[in-house]
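Inspection log for the structure reproduced underneath, given as structure tokens.
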Amino acid sequence: MVKKNQKLVFSGVQPTGNLHLGNYLGAMKNFVDLQKTMSCIYCVVDLHAITTFKNPTELRGNILDTTAGFLACGLDFNKSIIFNQSSVSGHSELSWILNCVSRVGWMNRMTQFKEKAGKNKENASVGLYVYPNLMAADILLYKATHVPVGDDQKQHLELARDIAQKFNNDFKSVNFFPLPEPLIQKKLSRVMSLRDGTKKMSKSDDSNYSRIDLKDTKDEIRKKIKKAKTDSSPIPEKVSDLSNRPEALNLLNIYSFLTNSNLEGTLNLMQGKDFSKFKEALSDVIISSICPIGEEINKLKKDKSYLIKILKEGTLKASEIASKNLKEVKEIVGFV
Ligand code: AQP
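Counting in the numbering used here, the sequence shown runs from 855 upward without gaps.
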């Protein structure tokens, strides 16, 4: 059980496809480090996944795949609570209450909705529109204090803080919900698409060549990196020379992060080389960090009952915290 005023980490990943290098570097690596020093709750956010239609059979498979991904990346179910969101009904219940606290004007500012709904926003689900309120409920249901996320989720987290603050003010419950702090990887907060350096690497991108999946084989990784978009200029000497070269910057950033270096260090090493040479070195470092994880995911996936057992155990632990907090929320709101 989480003690009063204790630091508590919460984060989630959508089971919408294979975990990719962006999820790993932007989120999962941070998740793994945090469990060494803090109490952590990590959730497969399946309620978020259905904000766009998902085939039920594929969704079931993806929930288990994402769970396998959590374990293969190094999450330890003896240290952290690992479960799937739909199995704790408090997420949906609190989400409704927070829908009534959050403002339409706040929702209208969310850039992710605009990106995901695209031109056809009249036809987007209402769930996609209020997705950030559900994300706030996920965090506040556990009174989490810290949320490790990629830079793309920063705006949603700021909204969660606004909702927490408004709830505390409206119901005169000073400090009832803590204002959650984002924990964003400083060195590489956003991994970009391999096809377009201005777009983030994403599971739902139609092109397989836009991302490196954790389950990709060595050959697939080499092929994808070889085909990754770059430009005709060689690797420059100075960081400032990369300002208008988003694809080049992205590949050099990934290399720097995976070799525990920084951009200056990588440029010192690689300046003057053309991209074909650099891409070989980049493939090597990606293969050595990603392939062992992919092999472990494939191994874990074979034992579905084991993965389900882990989720069930996590659900029991999460429910214990959630039901206590939700009871308090209902009393504050005035439910009988
Ligand atoms: N490209 C990225 N760079 C850094 N961090 C990233 N994250 C996602 N993409 C990148 C971080 O990974 C965590 C889990 O994300 P998610 O799967 O729940 O949702 P998402 O951000 O919407 O990721 P995708 O891949 O773009 O999924 P789809 O295509 O299904 O929407 C989050 O902490 C996120 O910041």
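Backbone N, C-alpha and C fix where the C-beta goes; we use that ideal spot for every residue, glycine too. Fair warning: this is a prediction, and the values are worked out from it, not measured in the lab.
By the Cβ criterion, the segment 1037-1047 is in contact with the segment 1095-1113, since at least three pairs of Cβ atoms, one from each stretch, lie closer than 8 Å. Look at glutamine 1009: its beta carbon is at least 7 Å from all of the heavy atoms in the ligand AQP. For the segment 993-1055, the continuous alpha helix (DSSP H) assignments of 4+ residues that do not extend past its boundaries occur at 1008-1024, in sequence order.
Under the three-state reduction of DSSP, isoleucine 895 is assigned to strand. For the 8 Å CB-CB criterion, phenylalanine 1021 and valine 955 form a contact. In this structure leucine 982 is in contact with alanine 971, their Cβ atoms being roughly 6 Å apart against a cut-off of 8 Å.
Taking the Cα positions, aspartate 1024 is about 37 Å away from phenylalanine 924.
Per DSSP, the continuous alpha helix (DSSP H) segment holding asparagine 1179 begins and ends at 1158-1187. Threonine 1113 has its alpha-carbon roughly 33 Å from the corresponding atom of isoleucine 1164. Across the structure, serine 865 and tryptophan 950 are spaced so that their CA atoms are roughly 20 Å apart. Within the chosen limit of 7 Å, the ligand AQP reaches the beta carbon of valine 1003 through at least one heavy atom. Distance from the C-beta of leucine 1180 to the nearest heavy atom of the ligand AQP is not below 7 Å. Rounded to whole angstroms, the Cβ separation of asparagine 916 and threonine 870 is 6 Å, and the two are in contact under 8 Å.
Bounds of the alpha helix (DSSP H) holding phenylalanine 885 are 883-888. Relative to the ligand AQP, histidine 945 has its C-beta separated by 7 Å or more from all heavy atoms. Spanning the alpha carbons of histidine 874 and proline 1090 requires a straight line of approximately 28 Å.
Nearest in C-alpha terms to glutamate 1174, of all of Ser1115, Lys1153, Ser941, is Ser941. The criterion of a C-beta distance shorter than 8 Å is satisfied by serine 934 and isoleucine 895. Distance from the CA atom of isoleucine 993 to the CA atom of alanine 1014, rounded to whole angstroms, is 8 Å. Here the C-alpha atom of serine 1058 lies approximately 33 Å from the C-alpha atom of glutamine 1019. Check the Cα spacing between leucine 929 and each of Asn953, Ser893, Pro910: the tightest is with Ser893. Valine 980 and isoleucine 904 have their C-alpha atoms roughly 11 Å apart. Rounded to the nearest whole angstrom, the C-alpha separation of glutamate 1150 and aspartate 919 is 11 Å. Judged by beta-carbon spacing, histidine 1000 lies within the 8 Å limit of glutamate 1035, meaning their Cβ atoms are closer than that value.
Under the three-state reduction of DSSP output, leucine 862 falls in the strand class. Lysine 1133 has its alpha-carbon roughly 9 Å from the corresponding atom of alanine 1082.
Between valine 984 and asparagine 953 the beta-carbon gap is near 6 Å, inside 8 Å, which marks them as a contact. In summary, proline 986 is buried, with 16 or more beta-carbon neighbours lying within 10 Å of its beta-carbon over all protein chains present. Across the structure, serine 1097 and glutamine 939 are spaced so that their CA atoms are roughly 40 Å apart. Rounded to the nearest whole angstrom, the CA to CA distance from serine 1043 to aspartate 1060 is 22 Å. Given a length threshold of 3 residues, the segment 1056-1135 has no whole run of the beta strand (DSSP E) inside it.
Close CB contacts of isoleucine 1147 within its chain, under the 7 Å cut and outside five residues either way in sequence, are with Ala926, Cys927, Leu1068 (chain order). Here lysine 1054 is buried: its Cβ has 16 or more other Cβ atoms, across all protein chains shown, within 10 Å. If the five residues before and after arginine 1065 are omitted, its C-beta is found closer than 6 Å to the C-beta atoms of His874, Met1055, all from its own chain and listed in chain order. It is roughly 11 Å from the alpha-carbon of asparagine 974 to the alpha-carbon of phenylalanine 967.
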